[in-house]
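Trainee:
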Amino acid sequence: MKRKILCIIRLVCLLFLTVTAVAQTGNELRFCLKSDPKTLNPLQVADDSSETIRYLTGGVLVRINRLTQEAEPELATSWKVSDNGRTITFKLRDGVYFSDGTPFSAEDVAYTVQQLMDPALHSPTGDAFRSGDGKVVTSISKSDRITITFPAPVAGLDKLFDQVAIMSATSPQKEKAVLGPYYVADWKAGSYLLLKRNSNYWRQDAGGHRLPLIDTVRIDIQQNRDTEMLRLVRGEIHFINSVDPESFDKLASENAAMVHDAGVSLDAEFMWFNQASKSPLPPYKQKWFHSTNFRRAVSESINRADLVRIAFRGHAQPGVGPISPANKFWFNTSLHPHPFDQKSALQRLAQDGFRLQDGKLRDSDGYNVEFSIMTNSGNKMRERMATMIQQDLSGIGITVNVVTLDFPSLIERMTRTFDYEACLLGLLNNDLDPNSQMNVWLSSADDHQWNPNEKTPETSWEAEIDNLMRAQASTLNPQKRKQYIDRLQQIAWEQEPFIYLVNRNALSAVSPSVENVHPVVLRPQVYWNVDELALRAEVASAK
Amino acid sequence: MKSVRTVAVLFLAAMAIACLFASFLTSSTYAHQFRDIPDAPPSHQHLLGTDDLGRDRFARVLYGTRVSLLLAPAAALLSSLLAAVIGGIAGFTGGWIARVIMAITDLFLSLPWLLLLITVRALMPLNVSPITSVIITFALLGCLGWAAAARVVCADARSLVQSDFVLLARASGAGGLRLLCRHIMPNLRSILFAQFWISVPVFILTEANLGILGLGVAEPLPSWGGLLRELESYSSLTAGPWQFVPLVLLIAVVSCFQIVLHKQELPV
Chain D
1 MKRKILCIIR
11 LVCLLFLTVT
21 AVAQTGNELR
31 FCLKSDPKTL
41 NPLQVADDSS
51 ETIRYLTGGV
61 LVRINRLTQE
71 AEPELATSWK
81 VSDNGRTITF
91 KLRDGVYFSD
101 GTPFSAEDVA
111 YTVQQLMDPA
121 LHSPTGDAFR
131 SGDGKVVTSI
141 SKSDRITITF
151 PAPVAGLDKL
161 FDQVAIMSAT
171 SPQKEKAVLG
181 PYYVADWKAG
191 SYLLLKRNSN
201 YWRQDAGGHR
211 LPLIDTVRID
221 IQQNRDTEML
231 RLVRGEIHFI
241 NSVDPESFDK
251 LASENAAMVH
261 DAGVSLDAEF
271 MWFNQASKSP
281 LPPYKQKWFH
291 STNFRRAVSE
301 SINRADLVRI
311 AFRGHAQPGV
321 GPISPANKFW
331 FNTSLHPHPF
341 DQKSALQRLA
351 QDGFRLQDGK
361 LRDSDGYNVE
371 FSIMTNSGNK
381 MRERMATMIQ
391 QDLSGIGITV
401 NVVTLDFPSL
411 IERMTRTFDY
421 EACLLGLLNN
431 DLDPNSQMNV
441 WLSSADDHQW
451 NPNEKTPETS
461 WEAEIDNLMR
471 AQASTLNPQK
481 RKQYIDRLQQ
491 IAWEQEPFIY
501 LVNRNALSAV
511 SPSVENVHPV
521 VLRPQVYWNV
531 DELALRAEVA
541 SAK
Chain Z
544 MKSVRTVAVL
554 FLAAMAIACL
564 FASFLTSSTY
574 AHQFRDIPDA
584 PPSHQHLLGT
594 DDLGRDRFAR
604 VLYGTRVSLL
614 LAPAAALLSS
624 LLAAVIGGIA
634 GFTGGWIARV
644 IMAITDLFLS
654 LPWLLLLITV
664 RALMPLNVSP
674 ITSVIITFAL
684 LGCLGWAAAA
694 RVVCADARSL
704 VQSDFVLLAR
714 ASGAGGLRLL
724 CRHIMPNLRS
734 ILFAQFWISV
744 PVFILTEANL
754 GILGLGVAEP
764 LPSWGGLLRE
774 LESYSSLTAG
784 PWQFVPLVLL
794 IAVVSCFQIV
804 LHKQELPV
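Chains as they are written, first to last, in our numbering: chain D, 1 to 543; chain Z, 544 to 811.
#1: Under the rule that 16 or more other beta-carbon atoms within 10 Å means buried, what is D:Gln347, buried or exposed?
#2: Which residue's Cα is closest to the Cα of D:Leu507: D:Ser247, D:Ser364, D:Leu535, D:Trp202?
#3: Tell me which residue opens and which closes the alpha helix (DSSP H) that Z:Leu683 is part of.
#4: Closest Cβ-Cβ distance between D:Lys360 and chain Z: below 9 Å?
#5: Can you give the Cα-Cα distance for Z:His793 and Z:Ala691, rounded to whole angstroms?
#6: Give me the Cα-Cα distance between Z:Ile674 and D:Leu428, rounded to the nearest whole angstrom.
#7: Please go through the region 44-124 of chain D and give each complete beta strand (DSSP E) segment of 3 or more residues, from N-terminal end onward.
#8: Considering only C-alpha positions, which residue in the set Z:Asp699, Z:Ala737, Z:Ala714, Z:Ile661 is nearest to Z:Ala619?
#9: Within 9 Å of any Cβ in chain Z, is that where the Cβ of D:Ala386 sits?
#10: Could you tell me which uninterrupted alpha helix (DSSP H) segments, each at least 4 residues in length, are contained entirely in the region 210-252 of chain D, listed from first to last along the chain?
#11: So that I know if they touch, is there some Cβ in chain D lying closer than 9 Å to that of Z:His726?
#12: Take D:Val530 as the anchor and find which of D:Gly319, D:Ser377, D:Tyr201, D:Leu232 has the nearest alpha-carbon.
#13: Give the residues from the region 570-582 of chain Z that approach chain D closer than 8 Å (Cβ to any Cβ), ordered along the chain.
#14: Hey, how far is the Cα of Z:Trp689 from the Cα of Z:Ser623?
#15: Compute the Euclidean distance between the alpha carbons of Z:Leu790 and Z:Leu652, then round it to the nearest angstrom.
#16: Note down, in chain order, every chain D residue with its Cβ under 7 Å from the Cβ of Z:Tyr777.
#17: Which value, in whole angstroms, describes the spacing of the CA atoms of D:Gln24 and D:Lys328?
#18: Nearest by alpha-carbon distance to D:Arg384: which of Z:Ala551, Z:Thr569, Z:Asp594, Z:Gln588 is it?
#19: Tell me which residues share the same chain as D:Asp446 and place their Cβ nearer than 7 Å to its Cβ, disregarding the 5 neighbours each side in the sequence.
#20: Going by C-alpha to C-alpha distance, which of Z:Leu753, Z:Ala714, Z:Asn730, Z:Met645 sits closest to Z:Leu657?
#21: Quick one: any contact between the region 233-253 of chain D and the region 27-35 of chain D, if contact means 3 or more CB pairs under 8 Å?
#22: Can you give the beta carbon distance from Z:Leu683 to Z:Leu660, rounded, assuming they're within the 8 Å contact cut?
#23: Under the assumption that Z:Leu731 contacts Z:Gly592 (Cβ atoms under 8 Å), give the Cβ distance between them as a whole number of angstroms.
#24: Decide yes or no for the touch test of the region 556-574 of chain Z against the region 287-295 of chain D: beta carbon pairs closer than 8 Å, at least 3 of them.
#25: Quick one: is Z:Gly597 near chain D, going by C-beta distance under 9 Å?
#26: Using a Cβ-Cβ cut-off of 8 Å (strictly less than) and excluding sequence neighbours within five positions of D:Asn368, which residues of its own chain qualify?
#27: Pick helix, strand or coil for D:Asn332, following the three-state DSSP scheme.
#28: Quick check on Z:Ser747 - is its C-beta less than 9 Å from some C-beta in chain D?
#29: In terms of residues, what are the limits of the beta strand (DSSP E) holding D:Gln555?
#30: Residues in its own chain within less than 7 Å of Z:Ser611 by CB, not counting five upstream and five downstream?
#31: Between the beta-carbon of Z:Leu590 and the beta-carbon of Z:Arg578, is there less than 9 Å?
#32: Go to D:Gln342, then tell me how far its alpha helix (DSSP H) extends in each direction, as first and last residue.
#33: In chain order, what residues of the region 394-427 of chain D put their CB closer than 7 Å to some CB of chain Z?
#34: Does chain Z have any CB closer than 9 Å to the CB of D:Glu462?
#35: Check whether the region 121-136 of chain D touches the region 192-199 of chain D, taking contact to mean three or more Cβ pairs, one atom from each stretch, closer than 8 Å.
#36: Show which residues of chain D have a CB atom less than 9 Å away from the CB atom of Z:Ala665.
Following this line, the structure appears as structure tokens:
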């Protein structure tokens, strides 16, 4: 009797395991997002999760190939930008249908552009196209040809359409009707999203097979990065788009085939001093932070090579300036990271009257040089960098207090009270075109972090940067624009309103069961070619 | 059971001595980064190896223990004193004053502690030294941790007010202040001792929680919370056994406090 019961239990267990295995190994790609998407409307995307869904479901006229960083035709087979940079004409692909069967036409493009530029919608994607006041005019000359005219020249106009997912003007499903490889079939908030293959997707592979190759994509909402890593190791998910250096090394030691270091990315880590005129800092500290020599001295006293080696375990590069070396066209190759040279730093400080006494740096009025660096709590890399900078700067007699704050408190101090001295943060950069950094470099901009919303530029070099940014935005000649941006990088390197510390590498982890994976430095690093990804036959066949 | 208590007391005493004389036990400082040897295993120079920035882990454990073991009792003392005053007054006076005080106490109890600490910490000035930051952290813990103890003290004080010996004292002409100071408060001593011992491990753990959130003691000063952060990530699954020393110490110390507390509760 006992044996029979044991046998039954074994059989039930075996059956359960088999069912679970089959359920988990079908032709389904699985990965995690940290949070639910805030919207499924592709024009209102402002967060990473929504951006992911837009990438997987949206059809665009032009797509930037994440590998070559060049614009390639998608729903538009060709396009032409006018000489004045205000007008773009697209020739559209024939025989394309939305996921619900509605035919795709020039009316859909016109509808999408009008929605995009509608001031009432406040589309973050549309902001990049707003170069001047006035209406955007769309004219359809033939059923497959549309011309869009903007009120003022838009820099890098064609590449901006990489972010514009075309919506249907007539479909009753509205934004749920999509032109991308997948459509959202199910969404349980806080738990998962299920994307199914769009059978009307227009692309085919070289062998004439309809893409995408994978039937469904399941995206689990998983806040904890460590749990996500464990799930990858256990085979429950197929990839992690962005992995921290520690986990990367740990995974590499266990299974080197799973990890990919695509090299230096567009993301930068940097620090800056508060130079805001509205800040409640004492005048002597404001004087330090406004001094170029002081900023340069601090920069030269930071050992960037150590930051790379220890805080990022070698998976980063010393930072140079606002454009990462990963940005092949726009990076100013004549610039190099500031060398670690504390002797030179002390000489620069001496020029401004600072002197080293009993191991402490004092300014010309006798004040000890001491300031705090705030960063967001919970980010180990940044906390490590701040602690290393603390030790580095003690080498020139500067006392640094490291403060970690929760993100809302940090933003409050940065943008409203201006009650801070220095801040260490990072910038996630999605866009290759430096025009996207307009909101950072214009002195009147909100995100001009070291001194936001200046009525008129407070320094001559900020005035020059303003002129350069405006000039590059109204110029269409790429070489001319490059010259302006090179000069901007030169000024940023000399004045160091932001002290660039490192550019992180694009680290990802992918299960060996996924084929055709070529991780790149641009987002989305792993699934940029999602329609070509496939799961290994032995895994998929279990379905 | 007595021997277990003795061992617990001896262990706590040994820990206190070790952290007080930390500078004699290690030649390394807790802050210096030996950048050529981050994450090093134990060696003659670094008995517990080095952390991810190359800092001597043994020195950091000793100094971190000093921070947690000295300041947690200080915070517990502060909260016990506040509880004695607030709970004692409420229990002694009774009536609407007691109701108001207990309503405030209930309000304090219902506040989400951790969020409150994070908010208060965010409002503090930024440019403070690590020593000041640690004192602020534990002072905040002390100032916010009195409510539960005050409820217990209030209940005890109320029963004392109604007891025969207080009635006798009142009949003998003892005034309110004399009754409170000479008759009520001395009899609350044992309950306050118990509350003090309960608070110590609670504050140690709260600081550890804040440390894990990155909001506790400022770098480079170590504390148990900060040291435990080493173990929070996926890569710690293969951590060397020496990396678990702060965790083992935390468990051992909190357990010892509980054993000692049990002894304290007996005479009540």
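Beta carbons are placed, not taken as given, at the ideal position from N, Cα and C, and that holds for glycine.
Mentor: Once the coordinates are examined:
#1: exposed
#2: D:Ser247
#3: 673-687
#4: no
#5: Here residue 793 of chain Z is Leu; the residue named in the question, His, does not match the sequence. Near 23 Å, if we compare the C-alpha coordinates of Z:Ala691 and Z:Leu793.
#6: 34 Å
#7: 62-64, 71-73, 76-81, 87-92
#8: Z:Ala737
#9: yes
#10: 225-233
#11: no
#12: D:Tyr201
#13: Ala574, His575, Gln576, Arg578, Pro581
#14: 6 Å
#15: 28 Å
#16: Asp226, Met229, Leu230, Ser247, Lys250
#17: Only weak support exists for where D:Gln24 lies, its pLDDT of 43 falling under 50; the coordinates are left without a value.
#18: Z:Asp594
#19: Asn439, Pro452, Asn453
#20: Z:Leu753
#21: yes
#22: 6 Å
#23: With a Cβ gap of about 48 Å, Z:Leu731 and Z:Gly592 do not count as contacting.
#24: no
#25: yes
#26: Lys360, Leu361, Arg362, Thr399
#27: coil
#28: Before going further, note that residue 747 of chain Z is Ile rather than Ser in the sequence given. No, Z:Ile747 does not count as interfacial toward chain D.
#29: Residue 555 of chain D is absent from the structure shown; chain D starts at 1 and stops at 543.
#30: Ile747, Glu750, Ser766, Trp767
#31: no
#32: 342-351
#33: Asn401, Val402, Val403, Thr404, Leu405, Asp406, Ser409, Tyr420, Glu421
#34: no
#35: no
#36: Leu405, Asp406, Pro408, Ser409, Leu410, Glu412, Arg413
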